[in-house]
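Numbering (my numbering) for the sequence shown: 180 to 351. Each residue gets a CB set at the ideal place from its N, CA and C atoms; glycine is no exception. Remarks on the structure that follows.
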Amino acid sequence: APTLLQASYTGTSVTTTLCTPNVPVTTEIKSSDLASIYDIILNVDLPSYNTVNLENPLTYVPGTLQISYNNGATWITAPANNGYIASGSPTNADFSINVETLSNATGGTLATTGLASNSKVLIRYELKTSCSHVVGSGPRTVVTASGPCGGIATGSPIDLGSLPINISGVAP
């Protein structure tokens, strides 16, 4: 049966103040054809390490990863990392989210049933800006998935591009 992966950020940009508060990022993932999709991975690339300031401009905030199976009406916070998020080194803040493993950790069934035809799941996490953050830069997310027989889902991979994070009072 045909599969079709669709994904998008739920907003076009975020405006915050520098360093606080944390910046929420929400990604919507849809299965838009007859078959379920499996093996959903979000690869999140963050701006490069600043070698002058010795810091990452954006970093994932541990403990903020959440999933919603009902369009954001209810959010389930993931328990301590059980293998669903993998991050780079201290000088590489990029990370990936295994949605099926996250689903298992939060009582969901995506690992066994896949993301059913014409349904969606929302993934939300927070990032923290540092003094090295460049206004208008942000996370770049690539979403990949498989079809029910293991092949690449139609539409996969999807490069969502960058979600601009702006700072209040600073022109982009």
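**OP:** My understanding is that leucine 225 touches proline 318, with C-beta atoms under 8 angstroms, so please give their C-beta distance in whole angstroms.
**Re:** 6 angstroms
Original post:
Are the beta-carbon atoms of leucine 281 and alanine 257 separated by less than 8 angstroms?
Top reply: yes
**OP:** Measure the C-alpha to C-alpha separation of cysteine 310 and aspartate 273 and round it to an integer number of angstroms.
**Re:** 18 angstroms
**OP:** Give the range of the beta strand (DSSP E) segment to which serine 247 is assigned.
**Re:** 245 to 247
**OP:** Report whether the distance from the Cβ of arginine 319 to the nearest heavy atom of the ligand NAD is below 7 angstroms.
**Re:** Absent from the structure shown: the ligand NAD. Ligands present: none.
Original post:
Does the separation of the CB atoms of isoleucine 346 and threonine 205 fall below 8 angstroms?
Top reply: no
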